[in-house]
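Protein chains in written order, with this note's numbering: chain Y, 1 to 173; chain E, 174 to 341. Every residue gets a Cβ at the ideal spot worked out from N, C-alpha and C, and that includes glycine.
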Amino acid sequence: MSADKPLQLSPHLAEYVRLLLDLHRLFIQGKEDTQEADDLRDEMEVPASYLSREEVTFAQGVSGDLYQLQDDEICGRFDAPDQIQEWEARLRDASGQDDWLAVLELERTRPSSRPARDVLLSRALAYEKLGFPDIASAFAEYARRAACGSIPAVQDQPHSLVHTRASGGFGAG
Amino acid sequence: MPKLFRVMEEENGQPRVGASGRVLGVRLPGAVGKADIEPDVEGYVYPGTGGMSVSPSAAALLERLPPSMIPKHFSRLADHPFLPAALRPVLRSAAGKSTLCVWTMGEGPFTAGFIDDDLALRVDPGDEQHGFVEPSCVMMVEAFQAALHRTRDAWSKADLLHLGKETG
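Here's what the structure looks like:
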């Protein structure tokens, strides 16, 4: 989904994303290969069958982001100072223009030095603004627990499969 | 026969047959989700009116799948050096059943034409990277579903290590 195209929140997308969050909650509990998880995936087939191509792309982004809640996110990373400066400017522009899809996209390929908590809060705000309060709450709650030290596992380097890319194209597909 | 790709659940080393979006077969009215084809009042189905979704490559297939349809273990491929950049955000989202596999059959170009006596490929007019396996002529919906199920032996698991090369 292009970041300059406003997201139309259909009932099917809302339902699919709600179930997707439930599925990721099971992942967090280590229940990814359980009957409970498979039943949920079966339930997701109904809204999934009505999703447009743009909605599928959005749902893919949501699911990839939700892996941050189990410190298992795969994301693009970069370290060059000029890239970081450019990225920060783009993030400021996107949030200043209320382009929350662009904010989400930027967070998927971000500076290595960006604190995990900042990403969590940025995502919480973006999903809230896009009309997904439950997803927003999940990120905000995780950030809150991380801040008070009850989630020692939150790392600024979130996953072993971390990319260091010359340009921020990871999430631009 | 055109080369086709589809995600389906595995059962005894073959795609599971049935009537859902994750098996070999079509969703019918009244079943789970949006119907893939609508029989008329007498139960006949027609060419050009819908059918089983397929894609011309594994990459094109995966790009169109919601996360719950992409096998969760595919996320390990997200860092593969040959993976096209466009597929990384797709695979990082993978959240599907472990029994899901990418299956392929046929060898020819992804163009409209007969698959066998009862089935034909129609390329999606709005998306050339997507198509429908449809009835090749007017037939009863049960005959169409049975014809799809009879292709079970023709499907084999796709080698995803060639994903990058396949898509350039």
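- The Cβ of Y:D39 sits no closer than 7 Å to any Cβ of chain E.
- If you draw a 10 Å sphere on the C-beta of Y:G30, you find fewer than 16 other C-beta atoms in it, and that means exposed.
- A direct Cα-to-Cα measurement between Y:F58 and E:P175 gives close to 30 Å.
- Around the Cβ of E:K330, a 10 Å sphere holds fewer than 16 other Cβ atoms; the residue is exposed.
- Here the alpha carbon of E:A233 sits roughly 15 Å from the alpha carbon of E:M225.
- Sixteen is the threshold: when 16 or more other Cβ atoms of the shown chains lie within 10 Å of the Cβ of Y:R110, as they do, the residue is buried.
- A distance below 7 Å separates the beta carbons of E:S193 and E:V205.
- Interface with chain Y (7 Å Cβ-Cβ cutoff): E:V205 is included.
- Not a single CB atom of chain E sits nearer than 7 Å to the CB of Y:S10.
- Annotation for E:V296: no alpha helix (DSSP H) segment contains it, though the beta strand (DSSP E) segment containing it runs 292-296.
- Restricted to the region 188-233 of chain E, the beta strand (DSSP E) segments that are unbroken, complete and at least 3 residues in length are 225-227, listed in chain order.
- Neighbours of E:R200 in chain Y, taken as residues at a C-beta separation under 8 Å, are given in chain order as S49.
- Contact holds between the region 230-245 of chain E and the region 49-63 of chain Y, because three or more Cβ pairs, one in each stretch, are under 8 Å apart.
- In the structure shown, E:W328 adopts coil according to DSSP, grouped into three states.
- Close to chain Y, meaning a Cβ-Cβ distance shorter than 9 Å, are the following residues of the region 245-265 of chain E: K245, S248, R249, A251, D252, P257, A258, A259, L260, R261, P262, V263, L264, R265.
- By the C-beta criterion, the region 252-269 of chain E is judged not to be in contact with the region 295-308 of chain E, since fewer than 3 inter-stretch pairs fall below 8 Å.
- Taking 9 Å as the upper bound on Cβ-Cβ separation, chain E lies near residues E55, V56, T57, A59, Q60, G61, V62, S63, G64, D65, L66, Y67 of the region 55-67 of chain Y.
- Closest in alpha carbon position to E:V214, among E:G279, E:M313, E:E301, E:D332, is E:M313.
- Listed in chain order, the non-local C-beta contacts of E:Q187 below 6 Å within the same chain comprise R325, local neighbours out to five positions each way being set aside.
- Residue-level contact check: Y:D22 does not touch chain E, since none of the beta carbons of chain E fall below 7 Å from its beta carbon.
- In the DSSP assignment, no residue is bridged to E:P239.
- E:G194 belongs to the set of residues whose beta carbon lies under 7 Å from a beta carbon in chain Y.
- According to the DSSP assignment, E:T277 belongs to the beta strand (DSSP E) that extends over 273-278.
- Judged by DSSP secondary structure, E:L333 falls outside any alpha helix (DSSP H); it is assigned neither H nor E.
- Between the region 76-94 of chain Y and the region 134-144 of chain Y, the count of Cβ pairs shorter than 8 Å is below three; the stretches do not touch.
- The beta carbon of Y:S10 is closer than 7 Å to those of E55 in its chain, skipping five residues each way along the sequence.
- For Y:R53, the neighbours in chain E by C-beta distance under 7 Å run, in chain order, R237.
- Taking a C-beta distance under 7 Å as the contact criterion, E:I210 and E:G223 qualify as a contact pair.
- Burial state of Y:S113 is exposed, judged by a 10 Å Cβ sphere holding fewer than 16 other Cβ atoms.
- When rounded, the separation of the alpha-carbon atoms in E:G198 and Y:D79 is 48 Å.
- Within chain Y, the residues whose beta carbon sits less than 9 Å from that of E:G269 are R41, listed in sequence order.
- At a cut-off of 7 Å between C-beta atoms, Y:V119 does not count as an interface residue with respect to chain E.
- At least one C-beta of chain E is nearer than 7 Å to the C-beta of Y:D33.
- Residues of the region 211-243 of chain E with a Cβ closer than 9 Å to any Cβ of chain Y, in chain order: E236, R237, L238, P239, P240, S241, M242, I243.
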